[in-house]
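**Q** I'd like to ask you about the structure that follows.
Okay, here's the thing in structure tokens:
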């Protein structure tokens, strides 16, 4: 007999094979084969997204695909890594319409071109529950050059890329709690801009991406490095729509999630190198405070210069 | 303020950090750093498992963890790769009991020791639906030596490891449709035995693991290599409980899923090398047919020597 290819394989062939790149063995194998370029190490990171938690079931599927890829590319960017490719598992209800897959793949395809990555492998399954997605992204970095959460020293500056708080304000917009005439805030919430391309190897002494809230994530760098941090709220870069929202939203900006900007520790002697790298990548960088010796904690100085109480440090999924 | 660590981080610290290995940065970073050993390439594979599809919600959680890891190790084994480590995403309902995590991690810890791998990174999230798990396993293989689905030549023997059909019969046992006095079939269904350690580099001309049914998976090797296959049912190795189930279950054995044995193409001149490798790894190997020139299809000869009609080639999740 000729064994017929069942629907699962047709799904992969129709939608996912066009995403496949070198090393994927055309998704016709059970595994991908990959070697890092000479003198480079691989950097690997994985994130999951579930409908109803990380996106809404009726969100445009192309944005879901792009967000899934971009949150992982953001983690690679925070290590100073150049993206290579990704593996992905996709669990969908049996009644998921064909148009959902078409949109999801179109979004991934657009971002593959934008970021120079391709699909290396993965799995598709059905689920009796909401769409559940998982993506493992792979990049490369000079051997021994990866930027870690640990490594900040007293006197290093605290730096961020881009603007802070737009994602959290965008969520408030999506929930009807805030106006957004330009659509900027909602767009920032729906589609992260991973800071791929900012060369922080040999520049940042520590770093991570801001995904769970600036203050909480700064706390992670403090704990990893056994060091304190002083953050000046007046220095934190806000977008024009975030400024327009008014001072009552400042705490949301400092503690909300979904920024996907880079948070870096940079020694004063390397500030010029950071600014040069930022110009080369056309990415804004801003100094917002300093690391200080002492117990691992974050002190936030408000716009009036006095310590600012914050009800919450950030976002947890539990 | 000192930012408090929310529950998500406590969950990771309490349960998952003890699984972390070299390169994981103690799971306190957003990514793992990894370099293959000299002269080796990395092999990567990803599989998802969802409660209600791949396991039952009340299955013992230690078996769920071990199965998740083992189905991926089986894919690595089929490439001839030596396992290194894995990244994992775990999406669980908010009311998932602490005991589930304890059991799940205990199963993973036992298999980490058994297979010499460790956790490199991942993500934990909540879900409003069933438990959804995804695992990306990473191994290494001699550069250019990975075994692929494509590569079989006319005259190569078709070989399998272990016994075929126990997984599918174990599923029938779980559904109350078949007796299983020894518990062997149910155990084989619940806990795959990935054939890690069988050195097939330079021995097999093609290969994959049998997860969707022997006939269907053999069809994959035929399509990838543009070649035909003749399989002799009387040569297919069955366990004693599978024999005892009777001839009416033979078609189930040939087309059912969940075997996680290796299916290999081996040129006659390398049969002795395969048998030597099998003895060294204490893994049984059996020749069950041959590849033939012609269109990509699988002909199954029944026990009476005549072509055997099969209603289905294997298992699809859609």
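Protein chains in written order, with this note's numbering: chain A, 614 to 931; chain B, 614 to 931. In this text, a Cβ means the ideal position worked out from N, Cα and C, and glycines have one as well.
Measure the Cβ-Cβ separation of residue 644 of chain A and residue 692 of chain B and say whether it is below 8 Å.
**A** yes
**Q** Let me know the beta strand (DSSP E) ranges lying completely inside the segment 641-728 of chain A, each 3 residues or longer, listed in chain order.
**A** 645-647, 653-663, 695-705
**Q** With respect to the alpha helix (DSSP H) encompassing residue 884 of chain A, which residues constitute its N-terminal and C-terminal limits?
**A** Looking at the DSSP string, the run of the alpha helix (DSSP H) that includes residue 884 of chain A is 884-894.
**Q** Can you check whether the C-beta of residue 803 of chain A is within less than 8 Å of a C-beta belonging to chain B?
**A** no
**Q** By the criterion of Cβ-Cβ separation under 7 Å, what are the contact partners of residue 769 of chain A in chain B?
**A** Going along chain B, no residue has its Cβ under 7 Å from residue 769 of chain A, so there is no contact; the nearest lies around 18 Å.
**Q** Could one say the Cβ of residue 654 of chain B lies closer than 8 Å to chain A's Cβ atoms, at least one of them?
**A** yes
**Q** Note down, in chain order, each residue of its chain lying with its Cβ closer than 8 Å to the Cβ of residue 756 of chain B, except the 5 sequence neighbours on either side.
**A** 652, 653, 654
**Q** Figure out for me which residue from A:916, A:745, A:704 has the closest Cα to the Cα of residue 859 of chain A.
**A** A:916
**Q** Where DSSP assigns a beta bridge to residue 754 of chain B, which residues make up the other side?
**A** Per DSSP, B:654.
**Q** I'd like the list of long-range same chain contacts for residue 700 of chain B, defined as Cβ closer than 6 Å, with 5 residues on each side in sequence excluded.
**A** 733, 734, 735, 749
**Q** Under a three-way DSSP split, which group does residue 845 of chain B fall into?
**A** strand
**Q** Using the Cα positions of residue 904 of chain B and residue 798 of chain B, report the straight-line distance between them to the nearest angstrom.
**A** 30 Å
**Q** So what's residue 927 of chain A in DSSP terms, helix, strand or just coil?
**A** Residue confidence is low: residue 927 of chain A scores 49 on pLDDT, short of 50, so the model does not pin down where it sits. Its coordinate-derived value is still stated next. Residue state, collapsed to three classes: coil.
**Q** Evaluate residue 711 of chain A with the Cβ neighbour count: other Cβ atoms within 10 Å of its Cβ, from every protein chain shown; 16 or more gives buried, anything less gives exposed.
**A** exposed
**Q** Return the bridge partner residues of residue 749 of chain B from the DSSP annotation.
**A** Looking at the DSSP output, residue 749 of chain B shares a beta bridge with B:659, B:700.
**Q** Between residue 680 of chain B and chain A, is any beta-carbon pair separated by less than 8 Å?
**A** no
**Q** The alpha helix (DSSP H) that contains residue 786 of chain A, what's its start and end?
**A** 779-787
**Q** Which whole-angstrom value describes the C-beta separation of residue 871 of chain A and residue 780 of chain A, a residue pair presumed to lie in contact below a C-beta threshold of 8 Å?
**A** 3 Å
**Q** The alpha helix (DSSP H) spanning residue 800 of chain A covers which residue range?
**A** Counting along the chain, the alpha helix (DSSP H) containing residue 800 of chain A begins and ends at 797-803.
**Q** Are the C-beta atoms of residue 628 of chain A and some chain D residue less than 8 Å apart?
**A** Absence of chain D from the displayed structure is noted, the protein chains being A and B.
**Q** Tell me the rounded alpha-carbon separation between residue 788 of chain A and residue 678 of chain B.
**A** 37 Å
**Q** Identify whether residue 909 of chain A lies in helix, strand or coil by the three-state DSSP scheme.
**A** coil
**Q** With a threshold of 8 Å between beta-carbons, can residue 930 of chain A be considered close to chain B, or not?
**A** Note that residue 930 of chain A scores a pLDDT of 38, beneath 50, so its modelled location is shaky and nothing firm can be said.
**Q** For a contact meaning CB atoms closer than 7 Å, what does residue 671 of chain A contact in chain B?
**A** Within 7 Å Cβ-Cβ: nothing; residue 671 of chain A doesn't reach chain B, min ~15 Å.
**Q** Going by alpha carbons, who is nearest to residue 752 of chain B out of B:790, B:807, B:694?
**A** B:694
**Q** Looking at the secondary structure, which residues open and close the alpha helix (DSSP H) in which residue 828 of chain A lies?
**A** 827-838
**Q** If I follow the unbroken beta strand (DSSP E) through residue 819 of chain B, where does it start and stop?
**A** 819-823
**Q** By Cβ distance below 8 Å, which residues in the same chain neighbour residue 637 of chain B in space, the five residues on each side in sequence not counted?
**A** 645, 698, 731, 732, 733, 734
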